[in-house]
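So the sequence lines, in the order shown, correspond to chains X and H.
For the first sequence, this note's numbering gives the first residue as 1, with consecutive numbering after it.
For the second sequence, this note's numbering gives the first residue as 1001, with consecutive numbering after it.
So the structure is just underneath, and the comments pick up after that.
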Amino acid sequence: MSVKTSETLTFECETGNYHTFCPISCVAWLYQKIEDSFFLVVGTKTCGYFLQNALGVMIFAEPRYAMAELEEGDISAQLNDYEELKRLCSQIIKNRNPSVIIWIGTCTTEIIKMDLEGMAPELENEIGIPVIVARANGLDYAFTQGEDTVLAAMVHRCAERDSYLLGDERNQTVQNQALQDSFFFPGNKEETLEPIMNPKKDPPLVLFGSLPSSVAFQLGLELKRQSIQVSGWLPAQKYNNLPLLGDGVYVCGVNPFLSRTATTLMRRRKCRLIGAPFPIGPDGTRAWIEKICSVFDIEPRGLGEREEQVWESLEDYLDLVRGKSVFFMGDNLLEVSLARFLIRCGMIVYEIGIPYMDKRYQAAELAFLQNTCGNMCVPMPRIVEKPDNYNQIQRMRELQPDLAITGMAHANPLEARKINTKWSVEFTFAQIHGFTNARDILELVTRSLRRNNGLEDFGWTSLVKRGK
Amino acid sequence: MKLAYWLYAGPAHIGTLRVASSFENVHAIMHAPLGDDYFNVMRSMLERERDFTPVTASIVDRHVLTRGSQEKVVDNIIQKEKEERPDLIILTPTCTSSILQEDLQNFVDRASITSDSDVIPADVNHYRVNELQAADRTLEQVVRYYLGKARRQGKMDRSITDIPSANIIGISTLGFHNQHDCRELKRLLQDLGIEINQVIPEGGFVEDLQNLPKAWFNFVPYREIGLMTAIYLEKEFGMPYISTTPMGVIDTAEFIRQIQWHVNKWTPAFSNKTVDYEHYIDQQTRFVSQAAWFSRSIDCQNFVGKKAVVFGDATHAASITKILAREMGIRVCCTGTYCKHDAEWFNEQVWSLCDEVLITDDHIEVGDMIARVEPSAIFGTQMERHIGKRLDIPCGVISPPVHIQNFPLGYRPFLGYEGTNQIADLVYNSYTLGMEDHLLDIFGGHDTKEVITKSLSAETDLIWNSESQLELSKIPGFVRGKIKRKTEKFARQSGITNITVEVMYAAKESLST
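Structure follows, in structure tokens:
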């Protein structure tokens, strides 16, 4: 079989009429990750109703987030923003006593030009706890990019590494805590007493991106096998354990949507960015570790075997996906990494829709995608930035992919039209990083294929009335 | 600013979108930033909708913020008209576009020039009305628009149908059990020999709206959506309307009597017969609905004086309060609604049926009230269900806001005679669960994991005397086995072979310490 392959990746840009979650949804996973935080979303009923519906049952668990709901008086500036926010924040401190309050700016605060960045330092002084501002609004960002804005804002709050090198003891404790936090499960005290590395010999490495603590632990362990110590994570489990940053600190991202954070780390904190593919899938994880090793001049050990083992253990799932086609509608920026992994699994990717493509930050991942397509002898998929969902559905009607990875707005209607779907949101909440979790990705990808295998014979696959 | 964790009613545009997407072949275009189209997710997930939700966003991004939408909205409207050929496009403002103060009417006027579809802007203020008020307003706006259009084109036919007929106004997508209620209402009206002229907005076509005045009367099952339309039609066309919600045996009968009155006003003009539904009401009440019988049965006797709290939208909270108090003899300690705009009506409906009334949209206030009152059951929204979980009080969900489990696949109307059965089940199940929990608690928690004997059969070396056997038989069936096992376990541990009533009590005491 001859497959026509184009040499380079093609990028297209459509109208941007696509469905995705509002970036304020990042509070859902970040408030759980940063245990002593409180997220205050400064917005309207529209934002509140979204969070309430998107987060479902989490809302009943006394979450550490709330809306500062703007009323007509706030919009028309009859009320004093500063006094209003002070009142709400004092209430939050009284009830929850958080270590940090994070204000999430929304579309409304942008439009009425509420000066959150200006008010935060003043209020911080007055109420005595840090107030961080992240503008995670739908005017500028999509879904997971919300986390990017929060982490970029946190970069400024990380202590300077120099002071540590000067032997400041207070910071040393902080450093120790950060280590304990990212590497060891709570209660595993003995191991945390290991001496920390010699900062002069091993250059410090800080990883950025919010991951469940077990996944962060697994990735740290993989690097430890290569004698690389992770000196900190952004974000850490506790706000007070933010990593030390500064000139000479190496940083590496674990998620493809963190380009602002990466830029801020480089420009504002003089960190050195390791541009690697992302540790999603065994191929990605290996490439990620290899890239870090190469920066630290370490010869990776046993990585090839480790990857091979994981692929072998996936064989039952691979049988299901081989030769099947996928269409990414695009809504969470994980699309390129997932597509690359699925191509390596033997699937054919027709289209990679993606809200926003930072070609510099994702450069290594894009090159890896291109290589993978070459190695697997499949055509390069088209990458569609700011897709138009209507056009995509027309394209899908022609292509009839075996699987569409799509948002929840389109999943049920596509299923009713004989197209298997997987909700893309699940990839953001599931554990998909590292060697250990490759199986989970395929578990998600194959779910509707496995379910529908049993249903095919009944003959009721198309479930819409004629003409719709 | 207000610190808010939870909202009972959504923002205004949700109401507009619910009405727009309920109609057939109507498309809504939201003037909104990226991510505000989660209405599509709600509809697709909660209603398990098979078709694409006819809602798109004309995205407000950074460029729009600096330069205005310019051609973008107009282009999007025209584009959608070409793609889907809808009868009507409703341009929907969101909180964002409200403060941008862009002239949506101007966009609509420009788009109307080239578009074959009708185009109107939804006339709702985001900061003054909520989801329900906006839905009510939008439905009226659409009806007014099409009746006005028919009048201008001289297509208005003012005659009424030959046989009695009604419009059902206010059935909509994402409404609480609306699909089931609609089916039940159609059946009820059919039983009464009344033709359904139109159901709006769900499944209706805007081109048919000009025929609304052909009906003899209008019927608004839920106060929240449809009342404005009914009032408009009464004012413009002299069409009477019924707004009594046929929920519960008494109100259903009342509803049918009102129909009878309206029908008998006109029937003499067509035939000499008048209708009398009393026999029908009597038959349905006594034999089709089980609720009347249920209130006499001993099950329901156990409810006498039991405490309940009710909270929800105005329609459901008021109707359920009436059912609990009048039909089941349950003591409603507090009833309330988050429909603050309808507080006066609500107070009037429930004033003699409960101890206190709570009008608020703050769920914390509702939670505090429930904690203070300590009812044996709650009838409320999903929020009250969770409050109930925390306080260990059972809750039946009777009103939106709701979760996916409140969109059941099976037939579960709240209205009409079948509705009375469903409600009776709901109430009964809430309380028995509550009682069961209570009894389990008295007798020492949930089932033990320790195996006492190897078999479950009654083979045992222990002897129960006649008194203790009698005592055991008094314990309700569903916990009896458990009490027996617990007592026997205690007896074995204490080296007792003869079980007396004293031993039973001692066993119970040993468990409670």
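Each residue gets a CB set at the ideal place from its N, CA and C atoms; glycine is no exception.
Note that the structure is a prediction, hence the values are computed from the model and not measured.
query	result
Proximal chain A residues relative to Ala1004 of chain H, where beta-carbon distance stays under 7 Å	Here the protein chains are X and H, and chain A is not one of them.
Lys1002 of chain H, enclosing beta strand (DSSP E) - first and last residue	1002–1004
Test: Gly1035 of chain H CB closer than 8 Å to a CB of chain X	yes
Whole-number beta carbon distance between Thr144 of chain X and Pro1011 of chain H, since they are thought to touch under 8 Å	At roughly 24 Å, the Cβ-Cβ gap does not stay under 8 Å, so Pro1011 of chain H and Thr144 of chain X are not in contact.
Cα-Cα separation, Arg340 of chain X to Gly323 of chain X	14 Å
Where Cys107 of chain X meets chain H, residues with beta-carbon distance less than 7 Å	Pro1033, Thr1096
Selection of the segment 1045–1072 of chain H by Cβ proximity to chain X, strictly under 7 Å	Met1045, Arg1048, Glu1049, Arg1050, Asp1051, Phe1052, Thr1053, Thr1056, Ala1057, Ile1059, Val1060, Asp1061, Arg1062, Leu1065
Residue from H:Tyr1127, H:Glu1234, H:Ile1256, H:Lys1149 whose Cα sits closest to the Cα of Leu1189 of chain H	H:Ile1256
Buried or exposed by the 16-neighbour rule on C-beta atoms within 10 Å, applied to Glu62 of chain X	exposed
Among X:Ser99, X:Leu463, X:Met347, X:Val41, the one whose alpha carbon lies nearest that of Ala28 of chain X	X:Val41
C-beta contact flag for Cys1334 of chain H and Asp1368 of chain H at 8 Å	no
Length of the line joining the Cα atoms of Ile1370 of chain H and Ile1323 of chain H	20 Å
Beta-carbon gap between Tyr250 of chain X and Pro204 of chain X smaller than 8 Å	yes
Chain-ordered chain H contacts of Asn241 of chain X [CB-CB under 7 Å]	Here the premise fails: no neighbours, minimum Cβ distance about 27 Å.
Chain H contact for Glu365 of chain X (CB, 8 Å cutoff)	no
Under 8 Å by beta carbon: chain X residues contacting Gly1010 of chain H	Lys45, Tyr49
Inter-stretch contact at 8 Å, needing at least 3 Cβ pairs: the segment 1124–1132 of chain H / the segment 1093–1113 of chain H	yes
Completely contained alpha helix (DSSP H) runs for the segment 1271–1316 of chain H, where each covers 4 or more residues	1278–1283, 1291–1296, 1298–1301
Residues that Leu403 of chain X contacts on chain H, provided the C-beta gap is smaller than 9 Å	Near Leu403 of chain X there are no residues of chain H at all, since even the closest Cβ is about 18 Å away, more than 9 Å.
Neighbourhood of Ala409 of chain X by C-beta distance below 7 Å, restricted to the same chain and skipping five residues each side	His19
Cβ shell of Met329 of chain X (< 6 Å), same chain only, five flanking positions each side left out	Gly353, Gln392, Thr406
Nearest neighbour of Lys386 of chain X, chosen from X:Glu335, X:Met380, X:Ala411 [CA to CA]	X:Glu335
Proximity below 8 Å, CB of Asn1211 of chain H to CB of Ser1165 of chain H	no
Where Tyr250 of chain X falls: helix, strand or coil (DSSP)	strand
Closest residue to Pro1054 of chain H among H:Val1064, H:Arg1067, H:Arg1062, H:Asn1040 (Cα-Cα distance)	H:Asn1040
Residues of the segment 1231–1246 of chain H whose Cβ lies closer than 8 Å to any Cβ of chain X, in chain order	none
Bounding residues of the beta strand (DSSP E) (the contiguous stretch that carries Met1030 of chain H)	1026–1032
Residues near Asn1076 of chain H by beta carbon distance below 8 Å, same chain, minus five either side	Ile1029, Thr1056, Ser1058
Residues of the segment 1322–1349 of chain H with Cβ closer than 7 Å to any Cβ of chain X, in chain order	none
Interface flag, Gln52 of chain X vs chain H, CB-CB below 8 Å	yes
Beta-carbon contacts of His1403 of chain H that lie in its chain and below 7 Å, excluding the five residues immediately before and after	Gln1382
Per DSSP, the bridge partner or partners of Pro1201 of chain H	H:Ile1171
Residues sharing a beta bridge with Lys422 of chain X, DSSP	X:Ile405
Cross-chain neighbours of Met1156 of chain H in chain X, by beta carbon under 8 Å	Those within 8 Å of Met1156 of chain H in chain X number zero; the least Cβ separation is about 31 Å.
Chain-order list of residues whose beta-carbon lies under 7 Å from that of Ser1510 of chain H (same chain, five-residue window excluded)	Phe1490
N-terminal and C-terminal residue of the beta strand (DSSP E) that Phe1218 of chain H is part of	This sequence places Asn at residue 1218 of chain H; Phe is not what is there. That run of the beta strand (DSSP E) goes 1217–1219.
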